[in-house]
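Q:
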Amino acid sequence: NKIPAMADFNLGNLRVLILAVFEYLGQLNAIISRADVEHDLAIETRIQPKIEKLILDWLRKTRPTQTKWTKTPEITASVLSWAIFGSGLMWSKDRSRFSAEHVADTTLLLIAGGLYGSLID
Numbered sequence: 028n029k030i031p032a033m034a035d036f037n038l039g040n041l042r043v044l045i046l047a048v049f050e051y052l053g054q055l056n057a058i059i060s061r062a063d064v065e066h067d068l069a070i071e072t073r074i075q076p077k078i079e080k081l082i083l084d085w086l087r088k089t090r091p092t093q094t095k096w097t098k099t100p101e102i103t104a105s106v107l108s109w110a111i112f113g114s115g116l117m118w119s120k121d122r123s124r125f126s127a128e129h130v131a132d133t134t135l136l137l138i139a140g141g142l143y144g145s146l147i148d
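Residue numbering for the sequence shown follows this note's numbering, beginning at 28 and increasing consecutively.
(1) On the criterion of 16 or more Cβ atoms from any shown chain inside 10 Å, does Q75 qualify as buried, or is it exposed?
(2) Starting from D132, trace the alpha helix (DSSP H) both ways and give me its first and last residue.
(3) How far does the alpha helix (DSSP H) with A34 in it reach, from first residue to last?
(4) Does the distance from the C-beta atom of F112 to that of I78 stay below 8 Å?
(5) State yes or no: is the C-beta of W85 within less than 8 Å of the C-beta of A139?
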């Protein structure tokens, strides 16, 4: 609930989304056993599609003149959501190695590098 559904697609809002996902996953993993594979699958099936839908809504809202993409917002949203979910799940299982901000910024840097030239002018 930290990000309005109709927010613009930009790196600042993407960072807020990444940190919100990390915070949520961190809270869940603090409560539930780290070795619980069923827990991971339940989280995956509940959270990843929501991340993907939010990103897809952002991408569809973005005017074509603001981006270079035209045909593949669904693929873009899927790839971004899995990158965010995967890095968040990794961080939430071992929060002592790196701060959430460090992992979020690294994730954002990798995402921005992949998007550069296709989505970001």
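Even glycine gets a Cβ: it sits at the ideal position worked out from N, Cα and C.
A: Reading off the structure:
(1) buried
(2) 127 to 142
(3) For A34, there is no enclosing alpha helix (DSSP H), since its DSSP letter is neither H nor E.
(4) yes
(5) no
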